[in-house]
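If you read the sequence shown in our numbering, its first letter stands for residue 479, the second for the next number, and so on. Glycine included, C-beta positions come from ideal geometry on N, C-alpha and C. Before any comments, here is the structure.
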Amino acid sequence: MRVLVVDDDVQIIRAMRINLRARGYDVVTAGDGESALRLAREQPPQVVLLDLGLPDMEGVEVIQRLRGWSRVPIIVLSARHSAGEKVRCLDSGADDYVTKPFGMDELLARMRAAERRADRIEEAPVVRTDTFEVDLGAKRVTRDGEEVRLTPTEWHILEILARNAGRLVSQRRLLHDVWGPAYQNETNYLRVYLAQLRRKLEPDPSHPRYLITEAGRGYRFESASRGDHARP
Numbered sequence: 479m480r481v482l483v484v485d486d487d488v489q490i491i492r493a494m495r496i497n498l499r500a501r502g503y504d505v506v507t508a509g510d511g512e513s514a515l516r517l518a519r520e521q522p523p524q525v526v527l528l529d530l531g532l533p534d535m536e537g538v539e540v541i542q543r544l545r546g547w548s549r550v551p552i553i554v555l556s557a558r559h560s561a562g563e564k565v566r567c568l569d570s571g572a573d574d575y576v577t578k579p580f581g582m583d584e585l586l587a588r589m590r591a592a593e594r595r596a597d598r599i600e601e602a603p604v605v606r607t608d609t610f611e612v613d614l615g616a617k618r619v620t621r622d623g624e625e626v627r628l629t630p631t632e633w634h635i636l637e638i639l640a641r642n643a644g645r646l647v648s649q650r651r652l653l654h655d656v657w658g659p660a661y662q663n664e665t666n667y668l669r670v671y672l673a674q675l676r677r678k679l680e681p682d683p684s685h686p687r688y689l690i691t692e693a694g695r696g697y698r699f700e701s702a703s704r705g706d707h708a709r710p
């Protein structure tokens with residue numbers, strides 16, 4: 479199991495590396511947010527241990543950007559004790575929050591709990607339409623037998639809609655889950671990315687069958703063709 483440890487304190491990085499490797503974990507480390515995001519893409523971890531006080535960005539931004547394309551469990555390790563800070567991290571997508579100083583046994587127990595929750599996620603289905611298929615497990619979209627290249631943000635939006643096929647997903651929820659709580663009024667983001675998805679997936683992007691807009695409310699994924707009800 480690979481663990482990504484993100485902290486700018488060299489002594490903490492060293493201690494975490496020694497303790498985790500002694501217990502059989504594969505450990506990769508980063509001292510800033512950009513390095514952490516790059517490593518998360520290049521060497522996908524099963525758990526991220528994240529400090530908030532990074533030199534180039536706040537840890538909350540790292541959480542929000544990771545959640546744009548990854549469901550990896552994120553455990554925040556921070557000396558900040560305020561309830562508001564904890565709420566902000568959890569609302570941004572963190573799975574747990576551990577205050578420093580902490581005992582290694584407690585941290586390992588929380589990591590095991592995060593692993594169990596991740597393991598209990600049911601096998602993701604394949605959502606099929608007459609035009610394309612969304613394989614939620616493989617994170618892959620195919621059209622006419624060919625893979626459709628999506629950006630991480632396009633995939634995250636499509637994944638949320640496909641997992642809620644047939645149900646309205648509000649603009650506010652999409653903005654929160656994809657970009658974070660600070661972006662919940664940026665509805666223009668959704669218009670841009672839904673237009674991109676329709677160009678890649680819809681037979682006629684100007685009259686969508688599958689990625690349906692409910693004006694002023696949100697979006698709905700229809701796996702069956704319902705062009706007579708579609709709105710651009």
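Status (buried if at least 16 other CB within 10 Å, exposed otherwise) for residue i
i: residue 483; result: buried
i: residue 514; result: buried
i: residue 496; result: exposed
i: residue 590; result: exposed
i: residue 534; result: exposed
i: residue 540; result: buried
i: residue 522; result: exposed
i: residue 600; result: At residue 600, the pLDDT of 44 sits below 50, so the modelled position is not reliable; the number obtained from the coordinates is stated separately. When all chains shown are included, residue 600 counts as exposed.
i: residue 494; result: buried
i: residue 485; result: buried
i: residue 595; result: exposed
i: residue 698; result: buried
Alpha-carbon to alpha-carbon, residue j and residue i
i: residue 633; j: residue 604; result: 14 Å
i: residue 506; j: residue 517; result: 8 Å
i: residue 566; j: residue 646; result: 26 Å
i: residue 624; j: residue 678; result: 12 Å
i: residue 573; j: residue 580; result: 17 Å
i: residue 617; j: residue 491; result: 32 Å
i: residue 503; j: residue 538; result: 25 Å
i: residue 630; j: residue 549; result: 12 Å
i: residue 575; j: residue 664; result: 28 Å
i: residue 656; j: residue 682; result: 26 Å
i: residue 687; j: residue 701; result: 9 Å
i: residue 674; j: residue 560; result: 41 Å
i: residue 487; j: residue 615; result: 36 Å
i: residue 620; j: residue 661; result: 30 Å
i: residue 528; j: residue 569; result: 15 Å
i: residue 628; j: residue 519; result: 15 Å
i: residue 692; j: residue 622; result: 28 Å
i: residue 536; j: residue 511; result: 8 Å
i: residue 489; j: residue 644; result: 51 Å
i: residue 479; j: residue 578; result: 24 Å
Chain C within 7 Å of residue i, Cβ atoms only
i: residue 515; result: As a matter of chain content, chain C is missing from the structure shown, which is built from one protein chain.
Boundaries of the alpha helix (DSSP H) in which residue i is found, first to last residue
i: residue 562; result: 561-570
i: residue 518; result: 511-520
i: residue 499; result: 488-500
i: residue 673; result: 665-679
i: residue 655; result: 649-657
CB-CB length for residue i against residue j, believed under 8 Å
i: residue 542; j: residue 571; result: 7 Å
i: residue 553; j: residue 588; result: 6 Å
i: residue 648; j: residue 695; result: 6 Å
i: residue 530; j: residue 556; result: 4 Å
i: residue 508; j: residue 551; result: Not really, about 17 Å apart at Cβ, beyond 8 Å.
i: residue 498; j: residue 526; result: At roughly 13 Å, the Cβ-Cβ gap does not stay under 8 Å, so residue 498 and residue 526 are not in contact.
Segment limits, beta strand (DSSP E) that includes residue i
i: residue 626; result: From DSSP, residue 626 is part of no beta strand (DSSP E); its letter is neither H nor E.
i: residue 481; result: 480-484
i: residue 696; result: 696-699
i: residue 540; result: Premise fails: residue 540 lies in the alpha helix (DSSP H), 537-545, not in any beta strand (DSSP E).
i: residue 575; result: 574-577
i: residue 682; result: From DSSP, residue 682 is part of no beta strand (DSSP E); its letter is neither H nor E.
i: residue 610; result: 610-613
i: residue 693; result: Residue 693 -> no beta strand (DSSP E), and no H or E assigned at all.
i: residue 556; result: 552-556
Would you call the segment 610-622 and the segment 649-661 touching, i.e. three or more CB-CB distances under 8 Å? no
Do three or more CB pairs link the segment 657-669 to the segment 579-597 at distances below 8 Å? no
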